[in-house]
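For the record, the sequence lines run as chains D and A.
Numbering-wise (the working numbering), the first sequence opens with residue 660 and increments by one.
Numbering-wise (the working numbering), the second sequence opens with residue 281 and increments by one.
All residues carry an ideal CB built from backbone N, CA and C; glycine is no exception.
Computed from a predicted structure; not experimentally measured.
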Amino acid sequence: EPEVTQTPSHQVTQMGQEVILRCVPISNHLYFYWYRQILGQKVEFLVSFYNNEISEKSEIFDDQFSVERPDGSNFTLKIRSTKLEDSAMYFCASSEIPTSGNTIYFGEGSWLTVV
Amino acid sequence: AQSVTQLDSQVPVFEEAPVELRCNYSSSVSVYLFWYVQYPNQGLQLLLKYLSGSTLVKGINGFEAEFNKSQTSFHLRKPSVHISDTAEYFCAVSVGGYQKVTFGTGTKLQVIP
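Here's what the structure looks like:
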C-alpha cells in the first residue's frame, strides 16, 4: 500500500535554530497537511496546502512556520528560530482530492526535540 | 466550529473481552467521522470512517463504529480485544466542504493478558 514518508524520524535541535522537516506524500495525492502532537496532548492541525498554496492554517501556524513544495514530490515544513515549545511529533499527511471525507493518510511522524 | 470529545483518557480491558471507546462530536452542519489508531512509536492509521449511508461502519482489525446523529456520537467497538490492540485511539471529525480534520484527545486502550 502506498504511504506517506517523513524524514528525519527524530531530530534534536538547539533553541533558535532553523529546522526543516521533509515529507513525500502519496504520489497521486493533491492535498497536503501538517499536524503536530505535543507529548501527551492531542493531534493539532497546522496547515493544509493545495495547488501550491496554503489553503487553510491554524492559529498555531504563525510567521515562524512555512511550507513549501520545492519539487514534484517533496513537501516541507520549515520552523525558523525554534522554541522549546516546538518540541512535538510532526505528522505529514496527504489526500487524493480535496473532497470532504476523503481519507487523509498520515506518515509516521518526525519527532522534534528542541533543547 | 466542529469539536470532538473522547470521554475516556484510558480504558483497561482484559484480553478477549469486549470494548467500547466513546466519542461525541459537535457541529452545526453535516460531518464526516473517523477513528485513527496510533500504535506505540508509530504514526496514525485509519481504522474506519463514516461519510454517509449505513450508520454501522466496519473497519480493520475487527473494529466497528456506529454513527448516532441524535446522540451526536460515534463510539468504537470491538467484541473481543487482543493484546495487539493496545494503542491510542483518536476520534476525528471533518466538516462538509472542508478538508481539515479535528482530533479528539485520544483514548489509550490497554489490553490486559
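For the segment 310 to 328 of chain A, the set of residues with a beta-carbon nearer than 7 Å to any beta-carbon of chain D comprises Tyr312, Gln322, Gly323, Leu324, Leu326, in chain order. The beta carbons of Phe708 (chain D) and Phe724 (chain D) sit no closer together than 7 Å.
Runs of the beta strand (DSSP E) spanning 3 or more residues and lying entirely within the segment 723 to 753 of chain D occur at 724 to 727, 734 to 738, in chain order.
For the segment 682 to 703 of chain D, the residues whose beta carbon sits under 7 Å from a beta carbon of chain A are, in order, Tyr690, Lys701, Val702. Rounded to the nearest whole angstrom, the C-alpha separation of Ile719 (chain D) and Val706 (chain D) is 9 Å. Among the residues facing chain D, Phe294 (chain A) is not included, as its CB has no counterpart in that chain under 7 Å away. For Gly768 (chain D), same chain residues with a beta-carbon under 6 Å away, outside a window of 5 residues either side, are Met748, Phe750 in chain order. Residue pairing by DSSP places Cys371 (chain A) opposite A:Trp315 in a beta bridge.
In this structure, Ile363 (chain A) sits away from Pro292 (chain A), with a CB-CB distance that is not shorter than 7 Å. Here Ser707 (chain D) carries a strand assignment [DSSP, helix/strand/coil].
Here Glu296 (chain A) has Ser360 as same chain residues with Cβ atoms under 6 Å from its own Cβ, once five neighbours each way along the sequence are excluded.
The Cβ neighbour count for Asp365 (chain A), taken over all protein chains shown within 10 Å, is at least 16; the residue is labelled buried. Straight across, the Cα-Cα distance linking Gly731 (chain D) with Pro298 (chain A) is about 46 Å. Put simply, the CB of Thr385 (chain A) is near chain D, with a gap under 7 Å to one of its CB atoms. Within 8 Å of the CB of Thr382 (chain A), the CB atoms of chain D belong to Phe704, in sequence order along the chain. Excluding its 5 nearest sequence neighbours in each direction, Leu743 (chain D) has C-beta neighbours in its own chain below 7 Å: Met674, Val773, listed in chain order. Taking all protein chains shown into account, Ser289 (chain A) has fewer than 16 neighbouring C-beta atoms within 10 Å of its C-beta and is therefore exposed. Distance check between Tyr764 (chain D) and each of A:Asn304, A:Tyr316, A:Gln286 places A:Tyr316 closest, using alpha-carbon atoms only. Cβ proximity to chain D below 9 Å picks out Lys329, Tyr330, Leu331, Ser332 from the segment 327 to 347 of chain A.
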